[in-house]
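Just remember that our numbering sits 1 ahead of the position in the sequence shown, which is counted from 1.
The C-beta atom is built at its ideal place from N, Cα and C for all residues, glycine as well.
Okay, so here's the structure we're looking at.
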Amino acid sequence: MDNKDQKKLQIAMFPWLAYGHLMPFLEVSKFLAQKGHQISFISTPKNINRLRSSSFSPLIDFVELPLPAVDGLPESAESTSELPINKVPYLKNAYDLLKPSVTHFIQHSGVNWVVHDFICYWMPRVATQLGVNSVYFNITNATTLAFFGPPSELLSDKRWRPEDLTVVPEWVDYPSNVAYKLHEMVSPWDGMDDEVLDFQRLGRTIEDCNFVTMRSCTEFESDAVSLLRKIYGKPVVPLGLLPPVSAPQQHGVADDRGDEKWEVLREWLEKKKPNSVVYIALGTEVTLSQELMHELAHGIEKSGLPFIWVVNNRPLVEGVLGSDIIPFGFETRVEDRGLVLRGWAPQLKILGHISVGGFLTHCGWSSVVEALGYGRALILFSGAYSDQPLNARLMHDKRVGLEIPRDERDGSFTSDSVAELIRRVMVEKEGESIRSNAWAMKEIFGNVELNNMCLDEFTRTLETWPTST
Numbered sequence: 002m003d004n005k006d007q008k009k010l011q012i013a014m015f016p017w018l019a020y021g022h023l024m025p026f027l028e029v030s031k032f033l034a035q036k037g038h039q040i041s042f043i044s045t046p047k048n049i050n051r052l053r054s055s056s057f058s059p060l061i062d063f064v065e066l067p068l069p070a071v072d073g074l075p076e077s078a079e080s081t082s083e084l085p086i087n088k089v090p091y092l093k094n095a096y097d098l099l100k101p102s103v104t105h106f107i108q109h110s111g112v113n114w115v116v117h118d119f120i121c122y123w124m125p126r127v128a129t130q131l132g133v134n135s136v137y138f139n140i141t142n143a144t145t146l147a148f149f150g151p152p153s154e155l156l157s158d159k160r161w162r163p164e165d166l167t168v169v170p171e172w173v174d175y176p177s178n179v180a181y182k183l184h185e186m187v188s189p190w191d192g193m194d195d196e197v198l199d200f201q202r203l204g205r206t207i208e209d210c211n212f213v214t215m216r217s218c219t220e221f222e223s224d225a226v227s228l229l230r231k232i233y234g235k236p237v238v239p240l241g242l243l244p245p246v247s248a249p250q251q252h253g254v255a256d257d258r259g260d261e262k263w264e265v266l267r268e269w270l271e272k273k274k275p276n277s278v279v280y281i282a283l284g285t286e287v288t289l290s291q292e293l294m295h296e297l298a299h300g301i302e303k304s305g306l307p308f309i310w311v312v313n314n315r316p317l318v319e320g321v322l323g324s325d326i327i328p329f330g331f332e333t334r335v336e337d338r339g340l341v342l343r344g345w346a347p348q349l350k351i352l353g354h355i356s357v358g359g360f361l362t363h364c365g366w367s368s369v370v371e372a373l374g375y376g377r378a379l380i381l382f383s384g385a386y387s388d389q390p391l392n393a394r395l396m397h398d399k400r401v402g403l404e405i406p407r408d409e410r411d412g413s414f415t416s417d418s419v420a421e422l423i424r425r426v427m428v429e430k431e432g433e434s435i436r437s438n439a440w441a442m443k444e445i446f447g448n449v450e451l452n453n454m455c456l457d458e459f460t461r462t463l464e465t466w467p468t469s470t
């Protein structure tokens with residue numbers, strides 16, 4: 002119940018320049034605005050233009066700050082989706098250069114709180130100096146944060162060789178197999194800024210903020226949340242999983258591309274048996290060599306199951322576009338049971354259709370949340386980027402999906418192992434418990450009421466926190 006006498010806050014939101022970060026920050030902004038709080042959503046012009054919608058609350062004000070030019074960063078690039086992984090450090094440099102303009106805005110806007118990402122490790126200290134409170138919003142789960150440990154570990158230099166991240170850390174005090182594989186450590190290193198490593202950014206952020214929140218809930222991972230409270234020595238308040246409210250709008254962003262494409266897909270899906278179709282999507286930033294894309298395609302074909310495969314339009318390897326990377330003749334051979342879509346697809350509507358039974362995913366947290374919101378079993382194919390490998394291990398541990406076997410060192414796999422795992426998760430008796438566990442997860446991941454309770458608790462924490470001095 003809202004307290005009408007509760008002081009209304011002015012809250013600045015400052016996400017990292019990645020679509021998977023912008024969207025959760027936007028969802029939280031909309032909830033806080035519904036509670037009557039004034040929101041200043043700070044980002045760069047291109048990102049804000051992508052988010053604008055007339056349906057937003059008048060209490061959400063979009064604040065455009067031009068991204069400073071940095072040598073090595075393409076002039077028009079303002080988000081990770083526009084860059085190869087080895088150019089992301091330049092985007093981080095440019096983001097850091099927003100510090101003076103963000104500081105000026107906070108200083109002159111009457112803001113009470115800043116909700117921020119970890120890339121802007123300098124933000125909590127800026128906020129404190131200006132008499133403003135700050136909360137670090139981790140857009141993935143508590144298990145990922147628990148893996149990286151307390152600030153003292155993050156700010157030390159004793160554990161950050163790739164090999165060190167392939168074992169479960171000693172401070173994890175509950176059963177876990179969540180760790181990276183060696184082949185998954187190449188991309189994260191390519192995307193780091195040598196001057197300030199991501200570990201240091203995260204450590205400084207956690208150390209200096211008032212409290213930590215993340216896109217999760219204790220009903221899903223109570224052990225990890227409890228561990229974070231112990232090792233951080235400060236409040237940890239999960240704000241829920243942010244399940245999508247409805248399929249017609251992708252993450253709250255209106256999109257008029259969907260209706261015509263969806264009608265074609267819906268008609269195709271209506272002809273399939275319930276839970277028979279595999280949905281396959283590897284996100285917008287995952288890259289595979291042409292050889293591995295062919296191996297994946299042959300595995301999908303060998304599975305013999307109906308499927309919808311969304312192929313990214315961005316270059317997957319140098320000189321090879323997504324439209325050319327599918328094996329020659331593949332689409333003709335599978336045309337009676339498979340669809341290959343290029344570019345954007347109405348993912349929520351596809352996942353929500355009764356004919357879809359499983360999701361072969363790169364394990365981005367938003368995609369996992371969407372799939373389990375509909376109870377879809379997961380075929381885990383980690384994108385080897387950021388939190389995706391850790392999400393894959395977590396979902397495997399939770400027995401809501403199985404992971405496609407890959408070589409520990411080079412990440413290679415065989416088409417036979419792909420086909421075998423798809424069939425195990427989708428149709429074979431051995432996968433019955435996986436399908437049952439995934440279906441049961443709807444009660445957490447698809448439970449809007451439960452997740453709103455988490456958001457309510459997060460909001461109360463903001464409202465009742467002592468004013469910073």
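DSSP, read as helix, strand or coil, puts E164 in helix. In the DSSP assignment, the residues bridged to A378 are G359. Taking a cut-off of 8 Å on C-beta distances, the stretch 115-122 touches the stretch 15-35, as three or more cross pairs fall below it. In the three-state reduction of the DSSP assignment, N438 falls in the helix class. Using a Cβ distance threshold of 8 Å, L381 and G359 do not count as a contacting pair. Per DSSP, the unbroken alpha helix (DSSP H) holding A147 starts and ends at A143 to F149. Distance from G300 to V419 at the Cβ level is roughly 2 Å; contact confirmed, criterion being Cβ atoms closer than 8 Å. If you look at M215, you'll find it in the beta strand (DSSP E) that goes F212 to M215. DSSP places I86 in no alpha helix (DSSP H); its state is neither H nor E. Between Y375 and the set L293, T214 and A439, the nearest pair of CA atoms involves A439. If you check the CB distance, F308 and V279 come in under 8 Å. The alpha-carbon separation between S227 and R338 amounts to approximately 46 Å. In the DSSP annotation of this structure, the continuous segment of the beta strand (DSSP E) that includes F308 starts and ends at F308 to V312.
Here G432 has R425 and V426 as same chain residues with Cβ atoms under 6 Å from its own Cβ, once five neighbours each way along the sequence are excluded.
Within the DSSP bridge table, the entry for V341 names W310 as partners. In this structure the stretch 349-356 does not touch the stretch 134-152; the number of beta carbon pairs closer than 8 Å is below three. In the assembly as shown, Q130 is an exposed residue. Its beta-carbon has fewer than 16 other beta-carbons within 10 Å. Taking the Cα positions, V64 is about 27 Å away from P85. Taking the C-beta atoms as reference points, W263 is found no nearer than 8 Å to L340. The three-state secondary structure of E429, taken from DSSP, is coil. Taking a contact to require three or more Cβ pairs closer than 8 Å, the stretch 405-414 and the stretch 342-350 do not qualify as touching.
Nearest in C-alpha terms to N134, of all of T145, G111, A143 and V369, is G111. Per DSSP, reduced to three states, the secondary structure at N392 is helical. Counting along the chain, I232 sits inside the alpha helix (DSSP H) bounded by residues T219 to Y233. Judged by DSSP in its simplified three-state form, N276 adopts coil rather than helix or strand. Residue range V449 to T465 is occupied by the alpha helix (DSSP H) that includes E450.
Shortest Cα-Cα distance from S177 to any of P406, L391 and P69 involves L391. Going by DSSP, N134 is part of the beta strand (DSSP E) stretching over N134 to N139. Contact between the stretch 217-225 and the stretch 439-459 is present, with at least three C-beta pairs closer than 8 Å. Our two residues, L395 and H109, have alpha carbons roughly 43 Å apart in a direct line. Residue nearest to L68 within the set D62, I49 and R53 is I49 (criterion: CA-CA distance). About 18 Å separates the beta carbon of E28 from that of A143, a gap too long to meet the 8 Å contact definition.
The DSSP-derived three-state label of W172 is coil.
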